[in-house]
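Here the structure comes first, spelled out in C-alpha cells, and everything after it is commentary.
There are 2 protein chains.
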Amino acid sequence: MGVEEKKAGLRDKEATKCRILDAAEEEFARGGLMGARTDAIACKTGTTKSMIFYHFRDKEGLYQAVLERAVARRMRVVQSIDLHAPEPEDSLRALVAALLDDVGSHLNLTAIFMYEAIQNKGKYYSEISLASVYVPLIDLLKRGISDGKFREMDPLHAAVNIVGMCVFYYCSHENIKHLWSPGTELLSKEMREQHKREAIEQIIAGVKKFS
Amino acid sequence: MGVEEKKAGLRDKEATKCRILDAAEEEFARGGLMGARTDAIACKTGTTKSMIFYHFRDKEGLYQAVLERAVARRMRVVQSIDLHAPEPEDSLRALVAALLDDVGSHLNLTAIFMYEAIQNKGKYYSEISLASVYVPLIDLLKRGISDGKFREMDPLHAAVNIVGMCVFYYCSHENIKHLWSPGTELLSKEMREQHKREAIEQIIAGVKKFS
DNA sequence: GTCTATACGAGGATAGAC
DNA sequence: GTCTATCCTCGTATAGAC
C-alpha cells in the first residue's frame, strides 16, 4: 500500500469505515432505519455500496454502528458535567446547557435518537446506554428534592419532560419556524442561544421550590 | 347496488375511503411517509392496493389525506377549550390537560406529527394548520405575561417547550420504559394520569410568576 | 366501485475480478 | 481493501376485466 493512498484514506480500513459512518449518520437522520437508502449513503462516501456491506455486514449492522457511536458521544457530554455542585440548581443548569448545546450542534444525532424511539421503539440500543443519559439527571433531581431545593415531584417524569423540552425545538425546527416572523432561522447562533436561555429558565422554574 | 352491500360497506365509497384512512394512519405512524408500505395498508383494510391508488391517486395523496384528518382532529380539541378563564393559569391547565389526553389517546397521530416534523420538515401541512394549534397557546401565554401572572419570557419558545413536554413522553414511551421498574406499562391508565399530573404541575411552575 | 394481473423501477445484497 | 456487474425481492403504480 502506497503512503499516498493511505494519506488520502482510500485504502485505509478505519478511515473508510469512518467516512461511511459519517455519511450513514446523515442519511439515517433523514429517514430513520426504514427510510434510509444504502445507495444514498454510498454516494455520499465516494465509495460504493459494496463497501458498506463489506464493513458492516448489512444495513442493520451499519445502523447499529452509527447508533453506538452516537450514544457514546452523548454519554461523554453528560458525564463531563459536575453534578455535585453545592446547589443542585447549578448542576442542573450546567447539565441542561451542555445537553442543549450538544443537541443543537448535532442535529443528525438528535433526529436519529427520535427515530430510534418512535420507529424502532428503542430496539437497537441497550438499556444501559439510555440509562447513562437519564440516570444522572434523575439522580440530580432526587438530590434537589431531598435537599428541599426542588418541588415534590416524580423525578422520572420530570427528567423525561426536561429532555423533551431540550430536544423538541430542534426536532421540529423546520416545522415550527413559521410561528416566528418570516425568514427567522431557528438554527442561527442567536436563536439557539435564546432558546437555551428560555429553556433553562423554564426548566429551572419548573422544578424549583419557591417557599 | 344492494342494500346488504352498502350496509357492509363493501361498495360504499366513503366507507371504503375511511377504512383506508384508518389503516394508513396506523401504517404511517409506524414508519412515516418513507417507511410506510402500501401493501401493508391494503392488507389491513381488507381491500386491495388498487383501491388506495383509485381513491387517493398515490401514496403521497393518501398521506396528505391522513395528515389533514389528523390536524382537523387536533384542531378541534384545542378549539374546544375555553381560553378566557379569568385566571390564565386555569385556561392553561385546561388546555394542557386536553392536549395531553388527546396525545395519549391517539398515539398514531402523535407519531405521525413527529414524523412529519423530522422527516418531511412540515412540507405536508399548511402554515395555517400548525398555527391553529400553537397560536391559542401562545396567545394565552401572552395574556398571562401581560397580566403579570406569568413570568417574563418569550411566549413562542415557551409554547414550543410546552408542546415538547406534552408529546415527548408518548413519542418515546417504548424507549424510556426501562427507566421505570420492570413491567411498568407507561400507557396504562394510571401512568397516563400520573404523567398528566406531573406534566401539568411542571408546566405551570415553569411559567408562573412567584412574586 | 372492486378485483386480478402485471409492468417497471428501486433498493438490498452478493460474486468475483483487480 | 476496493470496484463492477449482477441478482432478485419488494414496492409503487397502472391496465383492464367484472
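If you read the sequences in order, they're chains H and W.
All the letters of the first sequence, read from the start, carry residue numbers 76 to 286 under the numbering used here.
All the letters of the second sequence, read from the start, carry residue numbers 76 to 286 under the numbering used here.
Even for Gly, the Cβ is constructed at its ideal location relative to N, Cα and C.
If you're wondering where the values come from, they're calculated on a predicted model, not measured in any experiment.
- Collapsing the DSSP output to three states places residue 224 of chain W in coil.
- Contact annotation for residue 236 of chain H against chain W: 240, 243, 244, 273, 274 and 277 [CB-CB distance below 8 Å, chain order].
- Of the residues W/138, W/100 and W/147, the one whose Cα lies closest to the Cα of residue 120 of chain W is W/100.
- In the DSSP assignment, residue 164 of chain H falls within the unbroken alpha helix (DSSP H) covering 163-180.
- Setting aside the 5 residues that flank it on each side, residue 153 of chain W is surrounded in the same chain by 208 and 211, each with a C-beta closer than 6 Å to its C-beta; the list follows chain order.
- Where residue 231 of chain H is concerned, the enclosing alpha helix (DSSP H) starts and stops at 230-246.
- Leaving aside the five residues that flank residue 139 of chain H on each side, the residues in its chain whose CB is nearer than 6 Å to its CB run, in chain order, 199.
- DSSP places residue 94 of chain W inside the alpha helix (DSSP H), whose first and last residues are 88-110.
- W/178 is the residue among W/197, W/178, W/188 and W/109 whose C-alpha sits nearest the C-alpha of residue 262 of chain W.
- Distance from the CA of residue 180 of chain H to the CA of residue 264 of chain H, rounded to the nearest whole angstrom, comes to 10 Å.
- Sequence-ordered contacts of the segment 208-234 of chain H with chain W read 209, 210, 213, 226, 228, 229, 231, 232, 233 and 234 [C-beta pairs closer than 9 Å].
- Around the beta carbon of residue 247 of chain W, 16 or more other beta carbons sit within 10 angstroms, so the residue counts as buried.
- At a cut-off of 9 Å, the C-beta of residue 202 of chain W has a neighbouring C-beta in chain H.
- In the structure shown, residue 283 of chain W falls within a strand segment according to DSSP collapsed to helix, strand and coil.
- Each residue's CA atom was taken as its position, placing residue 225 of chain H and residue 193 of chain W some 33 Å apart.
- Taking a Cβ-Cβ cut-off of 9 Å, residue 134 of chain H has no neighbours in chain W, whose nearest Cβ is about 13 Å from it.
- Within the same chain, 104 come within 6 Å of residue 186 of chain W by CB-CB distance, once the 5 residues on both sides are set aside.
- With fewer than 16 neighbouring CB atoms inside 10 Å of its own CB, residue 257 of chain W falls in the exposed class.
- Secondary structure note for residue 114 of chain W: its alpha helix (DSSP H) is the uninterrupted segment 113-120.
- A residue is called buried once 16 or more other Cβ atoms fall within 10 Å of its Cβ, and residue 223 of chain H, having fewer, is exposed.
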